[in-house]
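Q: Got a structure for you, written out below as structure tokens; questions coming shortly.
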Amino acid sequence: AQSVTQLDSQVPVFEEAPVELRCNYSSSVSVYLFWYVQYPNQGLQLLLKYLSGSTLVKGINGFEAEFNKSQTSFHLRKPSVHISDTAEYFCAVSLYFGNEKLTFGTGTRLTIIP
Amino acid sequence: EAGVTQFPSHSVIEKGQTVTLRCDPISGHDNLYWYRRVMGKEIKFLLHFVKESKQDESGMPNNRFLAERTGGTYSTLKVQPAELEDSGVYFCASSQGSGTRWAGELFFGEGSRLTVL
Chain F
380 AQSVTQLDSQ VPVFEEAPVE LRCNYSSSVS VYLFWYVQYP NQGLQLLLKY
430 LSGSTLVKGI NGFEAEFNKS QTSFHLRKPS VHISDTAEYF CAVSLYFGNE
480 KLTFGTGTRL TIIP
Chain E
41 EAGVTQFPSH SVIEKGQTVT LRCDPISGHD NLYWYRRVMG KEIKFLLHFV
91 KESKQDESGM PNNRFLAERT GGTYSTLKVQ PAELEDSGVY FCASSQGSGT
141 RWAGELFFGE GSRLTVL
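Protein chains in written order, with the working numbering: chain F, 380 to 493; chain E, 41 to 157.
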């Protein structure tokens, strides 16, 4: 069975500093990878996804992630964070093309310090 | 266009009572999913509808949980009788497209927080 590990449950970062949120997965087959974000009092929203093609994926709000198959990682990065990036971030995988039966990590709460 | 809506936003019930959660997906979305997050843990898949049919219910915890999707539109998730361990946030999500038209994006509601005392 597949699993997703988000090593950091909470990450505090100063405003305008860079950030990396780590995600590792385990699976014996190819996967499709996602990052979702949950802003306070809202539902989850897709940030970016890797389905195929280029391993460097760009998403909304200046975020990007790189799929590294050898390290089974899909870390999320942003070069300069803003107060509005305060949210909880979830990494997720799907084993099946065309199916959103996702396995999620436990989430990383990003707090931006002014 | 309206997003995925869930009702109620918060429900507090006593152990042994019944609760019904409702989800209205985005109009035209054939796929409807239920997920649950128990406090501090990962969001877990419960089940997947395609239109009115249950495509996959492998994540349903036990037979105290019953999900329905009437006419392929809104869905309900009933917990009867509720137990303490059922507390958590229940998310509904919908999507459109499959096969070569798969966009790989789920649209989530804000969730229904269930507290069982």
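For each residue, glycine too, the CB sits at the ideal point set by N, CA and C. These numbers were taken from a predicted model, which means no experiment stands behind them.
How is Asp387 of chain F classed by DSSP in three states: helix, strand or coil?
A: Coil at Asp387 of chain F, not helix or strand.
Q: Spatial neighbours of Phe413 of chain F within its chain, please: C-beta separation below 6 Å, excluding the five flanking residues on both sides.
A: Lys428 and Ala471, listed in sequence order.
Q: Taking the beta carbon of His50 of chain E as the centre, do at least 16 other beta carbons fall within 10 Å, making it buried, or is it exposed?
A: Under this definition His50 of chain E is an exposed residue.
Q: Report the residue from E:Val59, E:Ala42 and E:Val52 whose alpha carbon sits nearest the alpha carbon of Val119 of chain E.
A: Taking only the C-alpha atoms, the option nearest Val119 of chain E is E:Val59.
Q: Check the DSSP bridge columns for Gln491 of chain F and list the partner residues they point to.
A: Before going further, note that residue 491 of chain F is Ile rather than Gln in the sequence given. Answer by DSSP bridge pairing, in chain order: F:Val392.
Q: Hey, which unbroken runs of the beta strand (DSSP E) at 3 residues or more fall wholly within the region 423-466 of chain F?
A: List check, beta strand (DSSP E) in window: 423-429, 435-437, 443-447 and 452-457.
Q: With Gln385 of chain F and Arg401 of chain F assumed to form a contact (beta carbons below 8 Å), what rounded beta-carbon distance in angstroms separates them?
A: Contact flag correct, Cβ pair sits at about 7 Å.
Q: The beta strand (DSSP E) with Val398 of chain F in it runs from where to where?
A: From DSSP, the beta strand (DSSP E) with Val398 of chain F extends over Val398 to Leu400.
Q: Can you confirm whether Val78 of chain E, when its beta carbon is compared against all beta carbons of chain F, has any partner nearer than 8 Å?
A: For Val78 of chain E, the answer is no, since every Cβ of chain F falls outside 8 Å of its Cβ.
Q: Given that Lys81 of chain E touches chain F, what residues does it touch there, using C-beta distances under 8 Å?
A: Chain F residues near Lys81 of chain E: Thr485.
Q: Starting from Val52 of chain E, follow the beta strand (DSSP E) in both directions and report where the run begins and ends.
A: Run containing Val52 of chain E: His50 to Ile53, per the beta strand (DSSP E) assignment.
Q: Does the region 393-409 of chain F touch the region 455-472 of chain F, meaning 3 or more C-beta pairs lie closer than 8 Å?
A: The region 455-472 of chain F vs the region 393-409 of chain F: in contact.
Q: Please name the residue, chosen from F:Gln424, F:Leu474, F:Asp387 and F:Leu430, that lies closest to Ala143 of chain E on a Cα-to-Cα basis.
A: Minimum Cα distance to Ala143 of chain E is reached at F:Leu430.
Q: Could you pull out every unbroken beta strand (DSSP E) segment of at least 3 residues lying fully inside the region 81-105 of chain E, listed in chain order?
A: Fully enclosed beta strand (DSSP E) runs of 3 or longer: 83-90 and 93-96.
Q: Roughly how many whole angstroms lie between the Cα atoms of Gly80 of chain E and Lys480 of chain F?
A: The straight-line gap from Cα to Cα measures roughly 20 Å.
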